[in-house]
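Okay, structure first, notes after.
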Amino acid sequence: MSVKSPKDLYEKRYEFGEKRLNKGFNYHEEDIVVKKTMMPRLFLNAQVKDFLTYVNNVMVNNIDAVKVIRTFFNYTVKKNDPNIN
Numbered sequence: 021m022s023v024k025s026p027k028d029l030y031e032k033r034y035e036f037g038e039k040r041l042n043k044g045f046n047y048h049e050e051d052i053v054v055k056k057t058m059m060p061r062l063f064l065n066a067q068v069k070d071f072l073t074y075v076n077n078v079m080v081n082n083i084d085a086v087k088v089i090r091t092f093f094n095y096t097v098k099k100n101d102p103n104i105n
């Protein structure tokens, strides 16, 4: 049985009725960053495709790190708010 603390209830009161339309772009799909920025012809070679998959994972990790830093320096936003782009 889960017991909600008063802090959770307080936060839920302010989240009630929010309609967030712009949730951002999902970068975690398979090779989506690289596919949107590179020529499709590069993906025909298997070795190049493996390398571009690695590059895509590095770019996604960098994007996630920048998002964490951006919310860290913004004192008006909660630390682990998943609704922040």
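First residue of the sequence shown? That's 21 in this note's numbering, and the numbers climb one at a time after it. Note that the Cβ used here is the ideal one computed from N, Cα and C, for glycine as well. Small disclaimer: the values here were computed from a predicted structure and weren't measured.
Rounded separation between residue i and residue j - CA only
| i | j | result |
| --- | --- | --- |
| Asp70 | Met59 | 15 Å |
| Lys56 | Val97 | 30 Å |
| Arg40 | Tyr95 | 20 Å |
| Gln67 | Val54 | 15 Å |
| Ala85 | Ser25 | 30 Å |
| Gly37 | Tyr74 | 41 Å |
| Asp28 | Asp101 | 13 Å |
| Lys32 | Lys87 | 24 Å |
Distance between beta carbons of residue j and residue i, contact taken as under 8 Å
| i | j | result |
| --- | --- | --- |
| Tyr47 | Ile89 | In fact, because the Cβ distance is near 16 Å, the residues do not count as touching under 8 Å. |
Other residues of its chain near residue i: CB distance less than 7 Å, five sequence neighbours each side excluded
| i | result |
| --- | --- |
| Glu35 | none |
Nearest to residue i (by Cα), restricted to the options the options
| i | options | result |
| --- | --- | --- |
| Asn76 | Lys99, Glu49 and Asp101 | Glu49 |
Cβ-based neighbour list, residue i, same chain, cut-off 8 Å, excluding 5 preceding and 5 following
| i | result |
| --- | --- |
| Lys99 | Thr91 and Phe92 |
| Leu72 | Asp51, Val54, Met58, Leu62 and Phe63 |
CB contact below 8 Å: residue i versus chain B
| i | result |
| --- | --- |
| Val68 | Looking at the structure shown, chain B is missing, and only one protein chain is on hand. |
Proximal residues to residue i (C-beta, below 6 Å), its chain only, five neighbours per side dropped
| i | result |
| --- | --- |
| Asn103 | Arg40 |
| Met79 | Val53 |
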